[in-house]
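Student: Residues 415 to 895 (this note's numbering) make up the sequence shown, in order.
There's a structure below that I have some questions on.
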Amino acid sequence: MGQEITTRHFTEHDRRSFNHQLQLETDELQQWFNGAVFSSHAPVAGYEMEAWLVDAQSAPAACNEAFLNTANNPLYTAELAQFNIELNAEPVNIQSNFLSGLEQDFQRHWLYCQSVAESIDCRILSTGILQTLKNDDLNMANISRLIRYQALNDQVLKQRKGRPLQLKINGKQSLDSIHQNVMIEAAATSLQIHLQVPLALSTRYYNASLLISSVMVAVSANSPYLFGKDLWSETRIPLFEQAVNIGGYNGAAQGPIHRVGFGSGFVRQSLMECFSENLQHFPVLLPVAFTDDVKLMRHLSLHNGTIWRWNRPLVGFDIDGTPHLRIEHRVIPAGPSIVDNIANMAFYFGLVQYYALHETPPDELLDFSQVRDNFYTSAQHGLENKISWPGCERCDMRKLILHKLIDNAEAGLSRFNLDAGDIDYYLGIIQSRVEQKQTGSHWQRQFVARQGNDMRRLMETCYYNQQSGEPVHCWDFTPYV
């Protein structure tokens, strides 16, 4: 959940002051790592999910202010565009019926959000990219009223010296478009998983998250189209990376360190390496003046929030104020259904636990370059991809998942002492999805192949199927309209 700010206008003094405070907080954080002061609380997890507000024709509806005022729930917040919102979950201990409890909580929030949306004459939809979205919708009139989003747009364009953003994606088809603001970022909506980890194992969990990102993006893919073009299996990945295409100091966006990206390498000693990289390589985007104590990490957290690694380390605090470490896994798109979201989370939790506790550290299983290449080729090709994996140079993604990784995830979830019935149920959804080769992206492409390139019909049918509560591998291709 992002921090709101009070101004969109900054001076050189603001930048110097922010950089000074950021240095102090980074130094303090280094002392925390040195002194091992972080929480050792039992495993805790949560999530954030971005969603779309749409009208009766499944076109984007710019009404998040009315939605949030009506909902009156601090767990729901505005996203960049007025047609997007974000649902935030309370952190929950990973134990016993954690997974089924997560689904029940998700369902409760979703049903309430549906009723709120209906009360203001719109609907809520969960999908990675809304296929009825048009380029014309991505204008500054539709940006959310929060100051931080307007300031973000100002500062991104300032760092680009006013140069427009170019979106250039080559997939099954090609897209080449120019955008005068960061609103193109609003086209992508995701499910962001949070996992609180102990300091002693934090590097292993982070590196394990990197290792399995290729598998997660392939199995959860739900965003094949943008502006009617059939692009990548998970088009969100290149879309978001190009939507905020600014790099480190001197605009070095084409080097190894990107503001949005997979990261520059495995962590070797501690997650402190990521926060040091933040300080050394990325100019501040939002130099807001906070007066809080250094130990609250306000400047460090805000700066970290404007560096969008697909796996992002976070510093947070337990209820008693003890600092803790979290991994935010940002790879997965929203949708297609609630139960698919929970199955994706279960697969992530199981795999990351298995490989974090593997006898061989994750960063020794593959080279980082292989892990990074796996990620991008899997985002492009989905379940049809072939990746490098320990002991296998070109592994078929589907065979790898079915013959190895589901068992690995089951072992990982069992180490959390989760209910065996829950483990079987949610991993069974992953297994059926892969066996039938029907991710959200596969379903959308097959629907278009059978029913034609009518994006409104596609989204209406997606909405109808979503209402059924069935996982995507059970969806057929009968059009709803």
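Ideal Cβ positions, reconstructed from N, Cα and C, are used throughout, including at glycine.
Considering only the alpha carbon of each residue, which of 715, 448, 575 and 647 lies closest to residue 683?
Tutor: Position 269 of the sequence shown, counted from the start, is the residue given in the question as residue 683. With distances taken between Cα atoms, residue 683 lies closest to 448.
Student: State the DSSP-derived secondary structure class of residue 559, mapped to helix, strand or coil.
Tutor: Working through the sequence shown from its first residue, we reach residue 559 at position 145. Coil, per DSSP.
Student: Using the Cβ count rule (16 or more neighbours within 10 Å means buried), how would you classify residue 616?
Tutor: The sequence position of residue 616 within the sequence shown is 202, counting from 1. Buried is the call here.
Student: Please tell me whether residue 549 and residue 591 are closer than 8 Å, where the distance is taken between their beta carbons.
Tutor: The residue you call residue 549 lines up with position 135 of the sequence shown. The residue you call residue 591 lines up with position 177 of the sequence shown. The answer is yes: Cβ separation under 8 Å.
Student: Going by other Cβ atoms of all chains shown within 10 Å of its Cβ, with 16 needed for buried, is residue 421 buried or exposed?
Tutor: Here the question's residue 421 lines up with position 7 in the sequence shown. When all chains shown are included, residue 421 counts as exposed.
Student: Just verifying my parser: in three-state terms, what is the DSSP assignment at residue 607?
Tutor: Within the sequence shown, residue 607 is the residue found at index 193, counting from 1. Residue 607 falls in the strand class under three-state DSSP.
Student: Which term fits residue 554, buried or exposed, when burial requires 16 or more other beta carbons within 10 angstroms of its beta carbon?
Tutor: What you label residue 554 is simply residue 140 of the sequence shown in a count that begins at 1. Classification of residue 554: exposed, given that the 10 Å Cβ count is below 16.
Student: In terms of residues, what are the limits of the beta strand (DSSP E) holding residue 581?
Tutor: The residue you call residue 581 lines up with position 167 of the sequence shown. First-last of the beta strand (DSSP E) with residue 581: 579-584.
Student: Do you know whose CA, among 509, 478, 703 and 476, lies nearest residue 826's CA?
Tutor: Start at 1 with the first residue of the sequence shown, and residue 826 comes out as number 412. Ranking the options by Cα distance to residue 826, first place goes to 509.
Student: Where does residue 500 land, buried or exposed, given buried means 16+ other C-beta within 10 angstroms?
Tutor: Counting from 1 along the sequence shown, the entry for residue 500 is found at position 86. The residue is buried, with at least 16 neighbouring Cβ atoms inside 10 Å.
Student: Report buried or exposed for residue 477, applying the criterion of at least 16 other Cβ atoms within 10 angstroms of its Cβ.
Tutor: Along the sequence shown, one-based indexing puts residue 477 at 63. So residue 477 ends up on the buried side.
Student: Just curious, the beta strand (DSSP E) that residue 854 is in, first and last residue?
Tutor: Indexing the sequence shown from 1 puts residue 854 at position 440. That residue, residue 854, is in no beta strand (DSSP E); its alpha helix (DSSP H) goes 854-865.
Student: In or out: residue 666 buried (at least 16 other Cβ within 10 Å) or exposed?
Tutor: Numbered from 1 along the sequence shown, position 252 holds the residue referred to as residue 666. Residue placement at residue 666 is flagged as unreliable, the pLDDT there being 46, under the threshold of 50; the coordinate-derived value follows with that caveat. The residue is exposed, with fewer than 16 neighbouring Cβ atoms inside 10 Å.
Student: Note down the Cα distance separating residue 668 from residue 528, rounded to an integer number of angstroms.
Tutor: Translated into positions along the sequence shown, residue 668 becomes position 254. Translated into positions along the sequence shown, residue 528 becomes position 114. Unreliable positioning characterises residue 668 in this predicted model, as indicated by a pLDDT of 48, which lies under 50. The coordinate reading is nonetheless provided below. Residue 668 and residue 528: Cα-Cα distance of roughly 42 Å.
Student: Provide the residue span of the beta strand (DSSP E) that contains residue 894, from first to last.
Tutor: Your numbering for residue 894 matches position 480 in the sequence shown. Element bounds for residue 894: n/a, residue is neither H nor E.
Student: Which runs of the alpha helix (DSSP H) spanning at least 4 residues fall entirely within the segment 431-501, listed in chain order?
Tutor: Qualifying alpha helix (DSSP H) stretches, in chain order: 478-485.
Student: Along the beta strand (DSSP E) that carries residue 803, what are the first and last residues, could you check?
Tutor: The count along the sequence shown starts at 1 and reaches residue 803 at position 389. Unbroken beta strand (DSSP E) run through residue 803: 800-803.
Student: Does residue 692 come within less than 8 Å of chain C when only Cβ atoms are used?
Tutor: Of the protein chains in the structure, only one exists, and it is not chain C.
Student: In the DSSP output, which residue or residues are listed as bridge partners for residue 722?
Tutor: Counting from one through the sequence shown, the residue named residue 722 turns up at place 308. Residue 722 is bridged to 674.
Student: Counting pairs of beta carbons, one from the segment 535-549 and one from the segment 464-473, are three or more of them closer than 8 Å?
Tutor: As far as the Cβ criterion goes, the segment 535-549 touches the segment 464-473, which means the pair count is three or higher.
Student: Kindly give me the distance between the Cβ atoms of residue 692 and residue 717, rounded to whole angstroms, as I take these residues to be in contact under 8 Å.
Tutor: Taking the first residue of the sequence shown as position 1, residue 692 is located at position 278. Taking the first residue of the sequence shown as position 1, residue 717 is located at position 303. About 6 Å separates the two Cβ atoms, so the contact holds.
Student: Rounding to the nearest angstrom, what Cα-Cα distance links residue 876 and residue 637 in this structure?
Tutor: For the purposes of this step, residue 876 is taken as residue 462 along the sequence shown, with counting starting at 1. For the purposes of this step, residue 637 is taken as residue 223 along the sequence shown, with counting starting at 1. Near 12 Å, if we compare the C-alpha coordinates of residue 637 and residue 876.
Student: What residue does the beta strand (DSSP E) around residue 807 start on, and which one ends it?
Tutor: Numbered from 1 along the sequence shown, position 393 holds the residue referred to as residue 807. That run of the beta strand (DSSP E) goes 806-810.
Student: Going by beta carbon distance, what residues of the same chain come within less than 7 Å of residue 768, once the five residues before and after it are set aside?
Tutor: In the sequence shown, the residue the question calls residue 768 occupies position 354. The answer, listed in chain order, is 822, 823, 825 and 826.
Student: If you reduce the DSSP assignment to three classes, tell me which class residue 715 lands in.
Tutor: As a working note, residue 715 is residue 301 in the sequence shown. Of the three classes helix, strand and coil, the one that applies to residue 715 here is helix, per DSSP.
Student: Give the secondary structure of residue 665 by DSSP, where H, G and I count as helix, E and B as strand, and everything else as coil.
Tutor: Here residue 665 corresponds to residue number 251 of the sequence shown, with the count starting at 1. Bear in mind that the predicted position of residue 665 carries a pLDDT of just 49, short of 50, making it unreliable; the figure below should be weighed with that in mind. Residue state, collapsed to three classes: helix.
Student: Tell me, please, which residues DSSP counts as bridged to residue 592.
Tutor: Residue 592 sits at position 178 when you count from the first residue of the sequence shown. Note: residue 592 sits in a beta bridge opposite 580.
Student: Could you pull the start and end residues of the alpha helix (DSSP H) that residue 870 belongs to?
Tutor: Reading the sequence shown from its first residue, position 456 is the one you call residue 870. Taken as a continuous stretch (DSSP letters only), the alpha helix (DSSP H) holding residue 870 covers 869-882.
Student: Going by alpha carbons, who is nearest to residue 770 out of 621, 872 and 507?
Tutor: Here the question's residue 770 lines up with position 356 in the sequence shown. Residue 621 is the option with its Cα nearest to residue 770.
Student: So within the segment 509-547, which uninterrupted alpha helix (DSSP H) runs reach at least 4 residues, ignoring any that extend past its ends?
Tutor: List check, alpha helix (DSSP H) in window: 512-533.
Student: Just how far apart, CA to CA, sit residue 546 and residue 474?
Tutor: As a first step, residue 546 is located in the sequence shown; it is residue number 132 there, counting from the start. As a first step, residue 474 is located in the sequence shown; it is residue number 60 there, counting from the start. Their backbone Cα atoms lie some 7 Å apart in a straight line.
Student: Would you list, in sequence order, the uninterrupted beta strand (DSSP E) runs of no fewer than 3 residues that lie entirely inside the segment 763-844?
Tutor: Counting whole runs of 3 or more residues, the segment 763-844 contains the beta strand (DSSP E) stretches 800-803 and 806-810.
Student: May I ask you to report which of helix, strand or coil DSSP gives residue 654?
Tutor: To locate residue 654, count along the sequence shown from 1; it is residue 240. DSSP places residue 654 in helix when its eight states are reduced to three.
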